[in-house]
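Numbered by the numbering used here, the letters in the sequence shown go through residues 10 to 193 in order.
Where a beta carbon is used, it is the ideal one built from N, C-alpha and C, also for glycine.
Please read the structure below before turning to the comments.
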Amino acid sequence: MDSIKLMVEEHKYIKRMLVVVRKASIKVMQEDNINYEDFEKIISFVRNYADAHHHGKEEKILFTRMVAEMGDIADIVVKHGMLVEHDLGRLFIRDLEEALARVKNGDEDSKVDVIANAISYTHLLTRHIDKEDKVTYPFAQRGLSKASFDKIDEECEKYEAENEKKKIQATYIALLEELENKYL
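In structure tokens form, the structure reads like this:
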């Protein structure tokens with residue numbers, strides 16, 4: 010397994026969901042109505058596929074090894090860059106969920122918070138993915154030994170196998186396709 014290639018492929022699914030999030034947000038503006046079920050599906054995809062599955066693999070496997078083996082620059086790139094952005098994405102999704110609840114409870118003004126947090130998440134993740142694909146992953150490929158990457162690939166393969174049993178990939182790719190059929 011080529012773990013970097015896999016993570017780049019996963020980014021493609023995440024970017025497709027970002028397009029859906031944008032279209033769902035535009036629909037809220039145009040129709041002054043929120044499809045709560047669709048936003049719950051979006052949040053589920055983000056939390057379970059983009060964050061727990063994809064970011065989990067980065068945080069538990071790749072970034073951990075980069076920090077341990079590549080020195081101060083990797084420490085800065087990972088801890089003060091990638092992980093900060095992962096946490097900021099989690100904040101946008103939590104704030105989106107809270108705004109949805111407020112709108113559901115009659116706070117019409119919170120519709121702007123729904124859109125703001127959804128779009129902020131898309132902007133953050135678009136830039137974040139670009140940095141990982143063009144800077145962070147190549148930096149790791151240059152700085153880590155073949156032996157380290159063999160271990161990363163092995164750990165990612167085990168991680169994928171465990172998630173395959175839970176049908177994470179299939180479930181969330183199907184959910185993405187369902188939402189794409191509706192919004193695109």
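Item, Value
"What are the boundary residues of the alpha helix (DSSP H) that includes Glu163?", "155-174"
"Beta-carbon separation of Tyr192 and Val37 under 8 Å?", "no"
"Taking Cβ positions, are Tyr181 and Phe54 nearer each other than 8 Å?", "yes"
"Once DSSP output is grouped into helix, strand and coil, what is the label at Asn44?", "coil"
"Pick helix, strand or coil for Gly98, following the three-state DSSP scheme.", "helix"
"Have a look at Leu185 and Val144 and give me their C-alpha separation to the nearest angstrom.", "27 Å"
"Buried or exposed for Ser80, please, with buried defined as at least 16 other CB atoms from any protein chain shown within 10 angstroms of its CB.", "The question names Ser, but residue 80 is Gly in the sequence shown. So Gly80 ends up on the exposed side."
"When the distance is taken between beta carbons, is Ser154 closer than 8 Å to Leu71?", "no"
"Have a look at His89 and Ile23 and give me their C-alpha separation to the nearest angstrom.", "22 Å"
"Look at Glu78 and Ser157 and say whether their C-beta atoms are less than 8 Å apart.", "yes"
"State the DSSP-derived secondary structure class of Asp11, mapped to helix, strand or coil.", "coil"
"Do Leu27 and Cys165 count as a contact pair if the criterion is CB distance below 8 Å?", "no"
"According to the neighbour-count rule (16 or more other Cβ atoms, all chains shown, within 10 Å of its Cβ), is Tyr146 buried or exposed?", "buried"
"If you drop the 5 nearest sequence neighbours on each side, which residues of the same chain put their C-beta closer than 8 Å to that of Asp104?", "Asp122, Asn126"
"Between Met75 and Ala149, how many whole angstroms is the CB-CB distance? I'm expecting something under 8 Å.", "5 Å"
"Should Gly98 go down as buried or exposed, given a rule of 16 or more other Cβ atoms within 10 Å for buried?", "buried"
"Mind checking Lys66: buried by the 16 CB within 10 Å criterion, or exposed?", "buried"
"Report all residues from its chain with a CB closer than 7 Å to the CB of Arg25; omit the five preceding and five following residues, and keep chain order.", "Leu185, Glu189"
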